[in-house]
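In what follows, a single structure is set out as structure tokens and then discussed.
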Amino acid sequence: MTKAERYARVALPGGGTREERMSALVDALWAEFGKDPYSWVGFYLLEPDGKSLLLGPRRDKPACSPLEMHGVCGRCVREGRSIIVDDVHALGADHIVCDPRNLSEICVPVRDTPGAVWGVLDVDSEKLAAFDAVDQRELERLLESFTC
Numbered sequence: 035m036t037k038a039e040r041y042a043r044v045a046l047p048g049g050g051t052r053e054e055r056m057s058a059l060v061d062a063l064w065a066e067f068g069k070d071p072y073s074w075v076g077f078y079l080l081e082p083d084g085k086s087l088l089l090g091p092r093r094d095k096p097a098c099s100p101l102e103m104h105g106v107c108g109r110c111v112r113e114g115r116s117i118i119v120d121d122v123h124a125l126g127a128d129h130i131v132c133d134p135r136n137l138s139e140i141c142v143p144v145r146d147t148p149g150a151v152w153g154v155l156d157v158d159s160e161k162l163a164a165f166d167a168v169d170q171r172e173l174e175r176l177l178e179s180f181t182c
């Protein structure tokens with residue numbers, strides 16, 4: 035089964051609060067990709083002052099919170115675009131290490147209806163270069179339907 039076919043099996047959350055929908059999406063992604071290749075998936079939510087991100091729904095282990103805006107998630111918010119990192123350790127000081135076993139990452143902005151970024155969906159893997167254009171396209175597609 036291709037990666038795109040696996041993403042097509044992810045059921046989009048419907049109804050409920052924003053928190054419930056975020057949790058449902060994280061759970062659906064984890065059910066399909068947990069451990070292969072995901073090692074962690076979750077949301078970070080932009081603080082009202084715009085200076086940090088707070089941990090939201092996630093799977094499957096603890097993570098850093100709050101996050102400063104210098105890491106990949108902060109850059110994703112600032113630039114308003116998805117970011118794929120093949121080797122997080124190559125980022126040096128621009129990488130916030132929550133789990134030293136993680137080697138690659140993809141971060142996708144989450145927008146409100148007018149288009150303002152209010153958070154990110156962050157995915158980590160213990161494999162190098164685990165994420166590619168298919169992951170980016172499919173995660174962006176899932177989040178386009180995930181209006182909050």
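35 is the number of the first residue of the sequence shown in this note's numbering; add one for each residue after it.
All C-beta atoms in this analysis are idealised placements derived from N, C-alpha and C, irrespective of residue type, glycine included.
- Taking every protein chain shown into account, the CB of GLY149 has fewer than 16 other CB atoms within 10 angstroms, so this residue is exposed.
- The three-state reading of DSSP puts LEU80 in strand, counting E and B together.
- In the three-state DSSP reduction, GLY68 falls in the strand class (E or B).
- In the three-state reduction of the DSSP assignment, ASP94 falls in the coil class, being assigned neither a helical nor a strand state.
- Distances from the CA of LYS161 to each of SER138, THR51, VAL168, LEU177 were compared; the closest alpha carbon is that of SER138.
- By a beta-carbon distance limit of 8 Å, TRP64 does not contact ASN136. Their separation comes to about 15 Å.
- In this structure, GLU174 lies away from ALA38, with their beta-carbon atoms at least 8 Å apart.
- LEU173 carries a helical assignment under DSSP once its states are collapsed to helix, strand and coil.
- With a cut-off of 8 Å on Cβ pairs, the segment 43-55 is not in contact with the segment 107-120, counting fewer than three such pairs.
- Residue pairing by DSSP places ARG145 opposite VAL151 in a beta bridge.
- The three-state secondary structure of ASP133, taken from DSSP, is coil.
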